[in-house]
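According to this note's numbering, the sequence shown is numbered sequentially starting from 11. No residue lacks a Cβ here, since even glycine has one placed at the ideal position from N, Cα and C. Bear in mind the structure is a predicted one, so any value in this text is a computation, not a measurement. Contents: one structure, followed by commentary.
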Amino acid sequence: MENAYDLPDGLKVEIEGPLRLITLDRPADMNASTTEMLFAFPRLFQTLAEDTDARVAIMTGAGRAFSAGGDMGHFVKTLEDEGFARRVQENARRTIHSFIDVPIPIIAAVNGPAVGWGATLATLSDIVLMSENAFMAEPHINIGLVVGDGISISWPLYTSLLKAKELIFTGDRITPQQAVEFGLANRVVKPELLMEEARALADKMLAQPANALRETKKLMNLYLHRNAAEMLDATLGRQLAATLSEEHHAIASEFIAKQRRKQPKP
Numbered sequence: 011m012e013n014a015y016d017l018p019d020g021l022k023v024e025i026e027g028p029l030r031l032i033t034l035d036r037p038a039d040m041n042a043s044t045t046e047m048l049f050a051f052p053r054l055f056q057t058l059a060e061d062t063d064a065r066v067a068i069m070t071g072a073g074r075a076f077s078a079g080g081d082m083g084h085f086v087k088t089l090e091d092e093g094f095a096r097r098v099q100e101n102a103r104r105t106i107h108s109f110i111d112v113p114i115p116i117i118a119a120v121n122g123p124a125v126g127w128g129a130t131l132a133t134l135s136d137i138v139l140m141s142e143n144a145f146m147a148e149p150h151i152n153i154g155l156v157v158g159d160g161i162s163i164s165w166p167l168y169t170s171l172l173k174a175k176e177l178i179f180t181g182d183r184i185t186p187q188q189a190v191e192f193g194l195a196n197r198v199v200k201p202e203l204l205m206e207e208a209r210a211l212a213d214k215m216l217a218q219p220a221n222a223l224r225e226t227k228k229l230m231n232l233y234l235h236r237n238a239a240e241m242l243d244a245t246l247g248r249q250l251a252a253t254l255s256e257e258h259h260a261i262a263s264e265f266i267a268k269q270r271r272k273q274p275k276p
């Protein structure tokens, strides 16, 4: 298997014929995305879209998590540097659009916690398989931030607006069974069978006529494009304002201080 696409550490793409296996690969940190990873996602999705040999992709996490969101270093830098925070929002715009534009099916094999950005990666994929060991959560509001950009687009579309509000307003954990019930996942799979199930599903899609599958995926994602056209600018604008707000800074500063107190002294 070839490690492809020239991506930073933490993002791995392997080529298996027409299948692309995308792995979030920071297992010691629950696959939380570094700044370098977050700014590489548009390139990942654009390259995947331009890869004429690719016909289906599977996205999963290394180790026990799918993705815990963004990592602490990125969080701190966004808090402390307003110019950087603005660049983060513009990168988010490019990322969401490039994700929705990928013309081949992406199967999310959610092997563990999918939190914040991790939940966005899962639910902007085309089919979501969740391990019995997994859960989802959208906790932005808990730290004084506005709902995640991709989640504001996808969750109200997949489930009812009332249910999406409840999940987003509380930041509660969503079990795999609840995710299926609410329309955020397709089915629950035993942990040891997750990748086997994802590959079997990929094989079914690979057996379909390639052009018909690509064009149908594009049609289906017009629903997401419509929601993105209506929601993304408003979401990103409110996210930036929340990121720069006193409310978020007070909550985030206390959180960072707690994390630093937990670290062993040199």
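- For K22, the secondary structure class from DSSP, reduced to helix, strand or coil, is strand.
- Taken through DSSP and simplified to helix, strand or coil, R65 comes out as coil.
- According to DSSP, G80 shares a beta bridge with S43.
- The alpha-carbon of G193 is positioned some 15 angstroms away from that of I178.
- Fewer than three Cβ pairs drawn from the segment 238-249 and the segment 135-142 lie within less than 8 angstroms of each other, which leaves the two stretches out of contact.
- DSSP, reduced to helix, strand and coil, places S255 outside both helices and strands of the structure shown, so it counts as coil.
- E24 and L34 do not touch by the CB rule: their CB atoms are close to 13 angstroms apart, not below 8 angstroms.
- By the Cβ criterion, the segment 52-59 is not in contact with the segment 81-97, since fewer than three pairs of Cβ atoms, one from each stretch, lie closer than 8 angstroms.
- For S141, the secondary structure class from DSSP, reduced to helix, strand or coil, is strand.
- The residue among A210, L29, E176 and K22 with its C-alpha nearest the C-alpha of M47 is K22.
- P219 counts as exposed, since fewer than 16 other C-beta atoms from the protein chains shown sit within 10 angstroms of its C-beta.
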